[in-house]
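These protein sequence lines are chains A and B, in that order.
Quick note on the working numbering: the first sequence kicks off at 548 and runs consecutively.
Quick note on the working numbering: the second sequence kicks off at 548 and runs consecutively.
Idealized CB from N, CA, C, for every residue including glycine.
There are 2 protein chains.
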Amino acid sequence: MIRRLSQARERGIPDATVARLPLYLRALNSMAERGLATVSSEDLAVAAGVNSAKLRKDLSHLGSYGTRGVGYDVEYLIYQISRELGLTQDWAVAIVGVGNLGRALANYGGFVSRGFRVAALLDADPEVVGDRIAGLNVEHIDELETVITRRGVSIVVLATPAAAAQQVADRVVAVGVTSILNFAPVVLAVPEGVDIRKVDLSIELQILAFHEQRKADRMSGGPAMAEEWPEAVDL
Amino acid sequence: MIRRLSQARERGIPDATVARLPLYLRALNSMAERGLATVSSEDLAVAAGVNSAKLRKDLSHLGSYGTRGVGYDVEYLIYQISRELGLTQDWAVAIVGVGNLGRALANYGGFVSRGFRVAALLDADPEVVGDRIAGLNVEHIDELETVITRRGVSIVVLATPAAAAQQVADRVVAVGVTSILNFAPVVLAVPEGVDIRKVDLSIELQILAFHEQRKADRMSGGPAMAEEWPEAVDL
DNA sequence: CCCACTTTGTGCACCGGTTCACAAAGGGAC
DNA sequence: GTCCCTTTGTGAACCGGTGCACAAAGTGGG
């Protein structure tokens with residue numbers, strides 16, 4: 548049994564799978580609230596918005612937790628996924644940059660509900676330092692290193708202006724932080740071993756605009772219409 | 548020449564490429580500000596944080612806009628990418644849900660700087676309806692259909708609580724909106740032809756937590772350490 | 001004009017991820 | 001115990017995307 552598990556999990560769950568686990572977890576939590584005891588891969592897949600074969604393959608990377616002919620035990624699966632994602636422990640998060648976005652993040656309930664705890668808010672603007680937001684005191688960016696070390700912060704959320712992001716990143720990396728969630732619209736340079744995830748709101752909109760334009764083009768021009776480019780072809 | 552172009556662009560730029568175009572655009576804009584006239588694929592790739600071969604292949608999907616031995620004309624490339632993404636036109640965006648996040652989005656400069664214009668803010672809470680945010684009046688959700696139709700809104704940003712998101716999505720789709728950016732932590736069901744992009748802040752954190760935990764495991768346990776599971780193996 | 005140098009555009013091999021389809025495994029009825 | 005039904009777990013084909021490596025194309029110097 549142990550052999551089987553360590554064989555299945557080996558070392559390494561595909562990135563694509565890891566990215567979907569939180570999705571499954573959310574769907575499972577909602578099911579648990581509604582009192583469901585077991586769920587089939589088909590039902591869970593629908594709730595999470597994925598293909599059921601993909602769901603089963605994803606779960607198979609964690610181990611063999613289903614029962615053929617029955618499905619998956621909701622509570623047990625929640626436990627296993629949470630464990631795999633590291634949500635059974637408490638993560639201290641610091642938010643740097645308390646503008647509109649930083650404020651929104653500080654108040655965002657979705658963090659606390661998982662294993663995340665906002666442990667510090669930092670900003671460079673003396674105007675906002677000292678403000679009380681979401682039950683926390685906003686501290687000055689000068690305290691960055693102290694706060695991170697003292698409070699055991701392991702994940703830093705960057706909600707600073709673009710110009711400040713790299714500098715802050717350098718500082719937090721210097722005191723040992725290896726996980727950064729970046730909202731600033733810049734490409735951060737960090738040493739090997741530091742994980743960065745970025746969320747860029749305007750990029751998402753631009754992708755939507757691209758598809759929207761395509762849909763509009765198709766409406767008017769029709770699919771057979773060759774790409775016309777009357778004079779714009781040379782600047 | 549025209550033949551060449553329509554052949555190169557055909558109908559269909561890979562999704563992965565589309566997702567990176569905004570990145571290139573941002574880097575190019577920054578270069579234009581600094582007065583650079585031309586840029587090599589290598590330099591642009593570094594600025595955008597990608598591999599230069601990938602960059603060239605991406606750009607080749609738009610057409611043959613480089614000059615061998617020289618590089619790409621910065622301004623011309625900005626124009627072509629903007630055009631491809633549909634940013635040369637003005638997109639009216641409505642933000643539904645004016646909580647902390649909605650407010651942050653309304654004030655986010657990155658939208659306006661591209662071709663996006665926040666044309667409406669809507670909320671269900673009578674408390675916030677009437678507030679003035681980012682120069683706009685917050686309107687009641689009852690006005691949703693009217694506002695979207697009258698102001699030519701083609702992209703809707705959902706920043707509502709999870710429970711309200713599907714209902715709002717249904718309503719905006721009913722009046723013809725086919726592009727939605729969803730911040731609510733739910734899987735939305737929409738008809739064929741409607742594009743949804745979702746941003747889930749807590750999912751990003753969970754992915755970071757997973758990798759952070761792995762790094763911690765590797766530190767203490769070492770890579771050779773089999774996946775121990777003393778008693779937790781059966782619930 | 002020719003040669004050396006730079007940089008693009010792309011053919012090709014490779015890789016991770018998705019999907020299909022089915023054998024294996026368990027549950028329940030009788 | 002046996003048979004039938006359900007549902008998992010996975011082998012294998014497939015597909016899109018990545019990156020190497022190089023030919024093609026352009027520049028500039030002599």
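Contact annotation: the segment 693 to 706 of chain A touches the segment 641 to 655 of chain A, with at least three C-beta pairs closer than 8 angstroms.
In the DSSP assignment, residue 607 of chain A falls within the unbroken alpha helix (DSSP H) covering 599 to 607. In the DSSP assignment, the residues bridged to residue 614 of chain A are A:618. Per the C-alpha coordinates, the member of B:619, B:609, B:623 and B:660 positioned closest to residue 634 of chain B is B:660. For residue 576 of chain A, no Cβ of chain B is located within less than 8 angstroms of the residue's own Cβ. For secondary structure counted as the alpha helix (DSSP H) over 4 or more consecutive residues, the segment 630 to 656 of chain B holds these complete runs in sequence order: 647 to 654. DSSP assignment within the segment 665 to 701 of chain B yields the following whole alpha helix (DSSP H) runs of 4 residues or more, N-terminal first: 691 to 697. Each of B:578, B:689, B:738 and B:733 was checked against the Cα of residue 723 of chain B, and the nearest Cα belongs to B:738. Cβ proximity to chain A below 7 angstroms picks out 742, 744, 746, 748, 749, 750, 751, 752, 753, 754 and 755 from the segment 738 to 755 of chain B. Rounded to whole angstroms, the separation of the alpha carbons of residue 674 of chain A and residue 718 of chain B is 41 angstroms. Contact check for residue 759 of chain A and residue 726 of chain B: beta-carbon distance about 5 angstroms, within the 8 angstroms limit, so the pair qualifies. Looking only at B:761, B:741 and B:733, the smallest Cα-Cα distance to residue 749 of chain B is reached by B:733. For residue 725 of chain B, the nearest CB of chain A lies under 8 angstroms from its own CB, placing it at the interface with that chain.
Residue 657 of chain B and residue 747 of chain A have their C-alpha atoms spaced approximately 9 angstroms apart. For the pair residue 568 of chain B and residue 728 of chain B, the Cα-to-Cα distance works out to about 18 angstroms.
Spanning the alpha carbons of residue 595 of chain A and residue 755 of chain A requires a straight line of approximately 22 angstroms. For residue 634 of chain A, the residues of chain B that pass the 8 angstroms Cβ criterion are 753 and 756, in the order they occur in the chain. Of all residues in the segment 667 to 697 of chain A, none places a beta-carbon less than 9 angstroms from a beta-carbon of chain B.
When Cβ-Cβ separations below 8 angstroms define contact, residue 665 of chain A makes no contact with chain B. For residue 653 of chain A, same chain residues with a beta-carbon under 8 angstroms away, outside a window of 5 residues either side, are 642, 645, 665, 668, 680, 681 and 683 in chain order. Residue-level contact by beta carbon holds for residue 655 of chain A and chain B, with a gap shorter than 8 angstroms. In terms of beta-carbon proximity, residue 760 of chain A lines the interface with chain B, with at least one pair separated by less than 8 angstroms.
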